[in-house]
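> Here it is: the structure, laid out below.
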Amino acid sequence: MSGRTEGGAVERQLSHPRDTIPRLGRDIGFVFQDPSSSLDPVMPIGKQIAEVVHTHLALSWPDSFAQAKTLLDRVRLPDPNAILHAYPHQLSGGQKQRVAIAAAIAAGPKLLIADEATSALDTILQAEIVSLIRRLVAEDGMTLLFISHDIALAATLADRIAVLRHGELIELGETDQILNAPRHAYTRALLDAHLGLDTEPLFHRQGASA
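If you count the sequence shown from 1, you need to add 44 to reach the working numbering.
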C-alpha cells in the first residue's frame, strides 16, 4: 500500500512504489481495538517495537531496541527490560494495549488513529488508557482521531466530534455543541443511551436487588 499527503489529506494509492511506504507510514500511527490480534504472537515485544523504529527512523538495531525500552517507559509499563523479552501471551490485556500504543507512536507520527482502542478493556483500564493517550498526544503534539461507539468517552478526548451512521456522516461540530445542542435525532439517541457517571445504580432503586 502506498499513497501521499496533500493539503492535510491522506491519499492511498496501491500503484505507488513500495519504497514510499516507510515515509508515509511514519506520519500515521494506528491503535487497534484488540491488541491480541494486532501484536505478533511469536515475536518478542521488544522486537515488534524496535522493528517500527528501525524501519521508519533508520536507526541501528541496538539504538532501535534502546528506543523501544524508552517507549515502554513512556506508556508506564513496569519493568521495561523484562517486557522487551516477553511475548504477547505473557501480558495482560491492558499491558498489551500499552505495548500497541508504544508501537503506534514509535515513529513519531503526526496523526494517531485509535479505533475502539478501549472497547476490549474493563472500565478502570479504559480510564487509564484514555489518560495515557491524552498525555502522549499532548507531549508529542499529535493529532488524534479517536473512533468509538461511546460518544461520552469520545467527548473526553475530542475538540470536535463527527457522528456517522451506516457509514454516512450525519453531524459534525465542536464537542460542546454536539453534547449540548445536537441537531440530528441519531446523535440525540446516542447521548440518551449514555447513563452518565451520576446515574443511581440499579440495585439502589426501590424494588431492585443486587
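Built from N, CA and C at the ideal position, the CB exists for glycine as well.
Taking Cβ to Cβ, would you say residue 194 is nearer than 8 Å to residue 218?
It is not a contact, given that the beta carbons lie outside the stated cut-off.
> Within the continuous beta strand (DSSP E) that includes residue 162, where are the two ends?
Residue 162 -> no beta strand (DSSP E), and no H or E assigned at all.
> For residue 207, does the three-state DSSP call read helix, strand or coil?
Three-state result, residue 207: strand.
> How would you call residue 112, buried or exposed, if buried means at least 16 neighbouring beta carbons within 10 angstroms?
By the neighbour-count rule (16 or more Cβ atoms within 10 Å), residue 112 is buried.
> Just to confirm my understanding: we take residue 105, look at its own chain, exclude 5 residues before and 5 after, and list those with CB closer than 8 Å. What are they?
For residue 105, where only same-chain residues beyond five positions count, the Cβ hits under 8 Å are 94, 98.
> Alpha carbon to alpha carbon, what distance is there between residue 186 and residue 72?
So the alpha carbons of these two residues sit roughly 10 Å apart.
> What runs of the alpha helix (DSSP H), each 4 residues or longer, lie entirely inside the region 147-200?
Runs of the alpha helix (DSSP H) inside the region 147-200: 167-184, 195-199.
> Does residue 85 pass the burial test, meaning 16 or more other C-beta atoms within 10 Å, or should it be called exposed?
Per the 10 Å Cβ criterion, exposed.
> Identify the residues that DSSP records as bridge partners of residue 216: which are they?
DSSP, once it has assigned bridges, lists 206 as partnering residue 216.
> Taking the alpha-carbon of residue 175 as reference, which of 221, 127, 118 has the nearest alpha-carbon?
It is 118.
> Work out the CA separation of residue 161 and residue 234 for me, nearest whole Å.
Straight-line Cα distance between these residues: approximately 19 Å.
> Within a Cβ cutoff of 7 Å, which residues of the same chain sit near residue 183, ignoring the five residues on either side of it in sequence?
Same-chain partners within the cutoff: there are none.
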